[in-house]
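First comes the structure, then the notes that go with it.
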Amino acid sequence: MSRLKLQQICKYYGATTALASGDLLLERGEIHVLIGANGSGKSTLCKVIAGSVRPDGGTFELNGKPVMLFGPQAAREMGICLFYQELSLANSLSIAQNINLYHLPTHAGGLIDDAELNKRAEHYISKFETVIGEGFTPDAPVAKLRPDQKQLVEIMKTLASEAEILIFDEPTSALDRSQVECFFSILRELKEEGRSIIFISHRMDEIFDIADRITVIRDGTTVSSRLIEETDHSTVIRDMIGEQPEAAALEASLAPQAEKKTESCLVAEGLSGAHIRNVGFSLAKGEILGLGGLHGQGQSTLLRTLFGAEKLQSGTLLLNGEAVHPTNPRAAIKNGFSYVSGDRVRDGVITGRSIMENVSPIHFLKDKTFLAFPSVLARIIEPALGALNTKYSSLGASISSLSGGNQQKVVIARWLTNPPDILLLDDPTKGIDLSAKSELFALVRKLADEGMAIILYSSEDGELLAHSDRILVFNNGSVSRELLGEDKTRFNLYEAAYSGAQ
Ligand SMILES: Nc1ncnc2c1ncn2[C@@H]1O[C@H](COP(=O)(O)OP(=O)(O)OP(=O)(O)O)[C@@H](O)[C@H]1O
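By the count of the UniProt record's numbering, the sequence shown reaches residue 502 at its end, each step adding exactly one.
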């Protein structure tokens, strides 16, 4: 009998299907890895198991008996504990209090038993003592710890639950190699004791190091579950993308292949900053250069660094053969750079202002004008909005009167009044509808055909494969692979993103 048996678990959030049909068989004494692309439903399945998300359908058996969980506390009482990806520490409390948060030891009168609290914390801290670093004492406040140390506290807290089923949702993202090895040796000991462990990670090497079984979830559905001896990297990636490599190659061959562009306008060497390391590339006029990989591997940071919004610590940047230093966005704009963010609320629209006021700032900046007749401005702005088929009632209408997709078109039109040499697109279609996306990419291709150089980061792999001439795959702040021509396939993109993940 399996320790845990989930069948056809589903969960919907309005129109979003977080989980369509999640299946999982978890045995005693096994380390069971869940893998799938971003947003495939792994965390949702884990939260259902841990009682923090109530499913909309499906069956759930624990030790052969059907159960219905009402909250995380009920799940913990049944021996299930989840390490949350987003961490769930109480920052104002000490390391010892956090480690013991699920079972605070108390005296008979109800007061916390500090001696027991520290003793139990020290037990878990000692397991990691060779890798925890400075300042990691039971009484130290969690707020002052480094990100890796906070992740270790969350791991210790999960271990201290003493649960029979331990679920770790991306527990190693901030840890270094020695910390991961120490953690893995503890997991192996727990497995020998008969505990069952569910483990989520995007790092393929790590997965093959620790897993007994790998279950793949794609688009909210469990698509395979294989013993580690019966699978390999390629099989896992094929299960994740749901197509054979041959089919992926066909997809790439059908995508428009722009002829090779040779005239470089931007050459970067050794760019390093807070989240990028030694990034080098050249960008040709008329080229759309895609940035791929898992979320948050340095793609957005590179674009923001080129635009002067993040600090460049070292490296050189040559624009048409001349050295440029992107010290701030104003200087970058003067040098011919433009930047469109998918986070239009934070970085794009000027809320409370009219459409005209939202489109005109770059025109004023570049033309060094401060005043203009609205009729003159309209003659400049209307063609830019028209190029994107923007739907609006009048230029004086508030930006908030437009749909999300049309607001994003206004943000892009801002750059078209005085076309830039280089367009930096940072996940520009986030949250906009399909027709707005296709209009946007048609315009992006037209701008490239007219000679503009474009760098595109998209969190949607299909979008990146379809619209980039070449793709640089990012891992942990560096470029791990360049994909072009026949190599520009979904399979290669996933392999480079997951196999090289740090
Ligand atoms: N509370 C929520 N409200 C609305 N949508 C949600 C919610 N939680 C998850 N989703 C959506 O459900 C889908 C699955 O999310 P989930 O977090 O389970 O994926 P995941 O495989 O764990 O992704 P990642 O690898 O990025 O952590 C995503 O599209 C996500 O945006």
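C-beta: ideal position from N, C-alpha, C; glycine also.
Would you decide whether residue i is buried or exposed? Buried here means 16 or more other CB atoms lie within 10 Å of its CB.
| i | result |
| --- | --- |
| Gln-313 | exposed |
| Glu-164 | buried |
| Ile-210 | buried |
| Tyr-339 | buried |
| Ala-436 | buried |
| Met-1 | exposed |
| Met-68 | exposed |
| Ser-468 | buried |
| Lys-426 | It should be noted that the sequence gives Asp, not Lys, for residue 426. It is buried - the Cβ of Asp-426 has at least 16 other Cβ atoms within 10 Å. |
| Lys-150 | buried |
| Lys-65 | exposed |
| Lys-47 | buried |
| Pro-171 | buried |
| Glu-181 | exposed |
| Arg-146 | exposed |
| Thr-130 | exposed |
| Leu-386 | According to the sequence shown, residue 386 is Gly rather than Leu. Its Cβ having fewer than 16 others within 10 Å, Gly-386 is exposed. |
| Ser-185 | exposed |
| Thr-369 | exposed |
Below 7 Å CB to CB, which residues in the same chain sit around residue i once its five sequence neighbours on both sides are set aside?
| i | result |
| --- | --- |
| Gly-273 | Thr-301, Thr-305, Glu-310, Lys-311, Leu-312 and Gln-313 |
| Lys-334 | none |
| Glu-122 | Pro-138 |
| Ala-448 | Gly-286, Glu-287, Ile-288 and Ile-454 |
| Glu-27 | Ser-2, Arg-3 and Ser-196 |
Just to confirm my understanding: we take residue i, look at its own chain, exclude 5 residues before and 5 after, and list those with CB closer than 6 Å. What are they?
| i | result |
| --- | --- |
| Ser-224 | Val-216 and Asp-239 |
| Ile-432 | Gly-404, Gly-405 and Gln-408 |
| Ala-496 | Val-473, Ser-480 and Arg-481 |
| Asp-139 | Ser-94 |
| Leu-117 | Ala-96, Asn-100 and Pro-105 |
| Leu-25 | Ser-2 and Lys-5 |
| Glu-263 | Ala-284 and Lys-285 |
Can you tell me the Cα-Cα spacing of residue i and residue j, whole angstroms?
| i | j | result |
| --- | --- | --- |
| Leu-294 | Ile-207 | 16 Å |
| Phe-441 | Gln-299 | 19 Å |
| Ser-253 | Ala-453 | Because the pLDDT of Ser-253 is 47, which lies under 50, any placement of that residue in the model is unreliable, and the number read from its coordinates should be weighed accordingly. Whole-angstrom Cα-Cα distance: 23 Å. |
| Ala-20 | Gly-220 | 5 Å |
| Ala-384 | Gly-462 | 27 Å |
| Leu-187 | His-107 | 32 Å |
| Leu-377 | Thr-17 | 44 Å |
| Ala-160 | Asp-169 | 16 Å |
| Ser-354 | Leu-402 | 10 Å |
| Leu-319 | Cys-265 | 6 Å |
| Glu-322 | Ile-132 | 46 Å |
| Gln-502 | Gln-297 | For Gln-502, the pLDDT reaches just 45, beneath the cut-off of 50, and the residue's location in the model is therefore unreliable, although a value from the coordinates is still provided. Straight-line Cα distance between these residues: approximately 10 Å. |
| Ser-282 | Leu-291 | 13 Å |
| Leu-465 | Lys-488 | 7 Å |
| Glu-134 | Ser-43 | 32 Å |
| Lys-5 | Gly-79 | 15 Å |
| Ala-248 | Lys-430 | Its pLDDT being 47, under 50, Ala-248 is placed unreliably by the model, and the measurement read from it follows with that caveat. Distance between the alpha carbons of Ala-248 and Lys-430 is about 24 Å. |
| residue 585 | Gly-194 | Here the chain has residues from 1 to 502 only, and residue 585 is not among them. |
| Glu-382 | Val-345 | 23 Å |
| Val-359 | Trp-415 | 8 Å |
| Gly-280 | Gly-396 | 44 Å |
| Val-410 | Leu-443 | 13 Å |
| Phe-307 | Asn-328 | 7 Å |
| Leu-317 | Glu-86 | 36 Å |
| Arg-226 | Gly-110 | 48 Å |
| Ser-173 | Ile-350 | 35 Å |
| Thr-235 | Arg-218 | 14 Å |
| Ile-237 | His-275 | 26 Å |
Taking 8 Å as the limit between beta carbons, can you name the residues of its chain near residue i, skipping five residues before and five after?
| i | result |
| --- | --- |
| Pro-428 | Val-340, Ser-341, Gly-342, Gln-408, Ile-412, Leu-440, Leu-456 and Ser-458 |
| Glu-30 | Lys-191, Ser-196, Ile-197, Asp-212 and Arg-213 |
| Asp-113 | Pro-105, Thr-106 and His-107 |
| Gln-8 | Ser-21, Gly-22, Asp-23, Gly-57, Gly-58 and Thr-59 |
> Are the region 10 to 26 and the region 49 to 64 touching, with three or more C-beta to C-beta distances below 8 Å?
Replying inline: Taking a contact to require three or more Cβ pairs closer than 8 Å, the region 10 to 26 and the region 49 to 64 qualify as touching.
> Would you call the region 24 to 34 and the region 194 to 205 in contact, with 3 or more CB pairs under 8 Å?
Replying inline: Result yes; three or more Cβ-Cβ pairs closer than 8 Å.
> If we count Cβ pairs, one from each stretch, closer than 8 Å, do we get three or more for the region 38 to 54 versus the region 70 to 77?
Replying inline: Remark: three or more beta-carbon pairs, one from each stretch, lie closer than 8 Å, so the region 38 to 54 and the region 70 to 77 are flagged as touching.
> For the region 162 to 203, which segments carrying the alpha helix (DSSP H) assignment without a break, of at least 4 residues, lie completely within its bounds, in sequence order?
Replying inline: Restricted to the region 162 to 203, the alpha helix (DSSP H) segments that are unbroken, complete and at least 4 residues in length are 177 to 192, listed in chain order.
> Quick check: the region 95 to 102 against the region 148 to 159, are there 3 or more CB pairs under 8 Å?
Replying inline: Pairwise C-beta distances place the region 95 to 102 in contact with the region 148 to 159, as three or more of them are shorter than 8 Å.
>> Report the start-end ranges of each beta strand (DSSP E) in the region 294 to 321 that is 3 residues or longer and not cut off at the edges.
In response: 312 to 319, all fully within the region 294 to 321.
> Where in the region 73 to 145 do unbroken runs of the alpha helix (DSSP H), each at least 4 residues long, occur, reported from the N-terminal end onward?
Replying inline: Fully enclosed alpha helix (DSSP H) runs of 4 or longer: 95 to 99 and 114 to 127.
>> Please give the ranges of any beta strand (DSSP E) in the region 421 to 492, keeping only runs that are unbroken, at least 3 residues long and fully inside the region.
In response: Runs of the beta strand (DSSP E) inside the region 421 to 492: 422 to 426, 453 to 457, 470 to 475 and 478 to 484.
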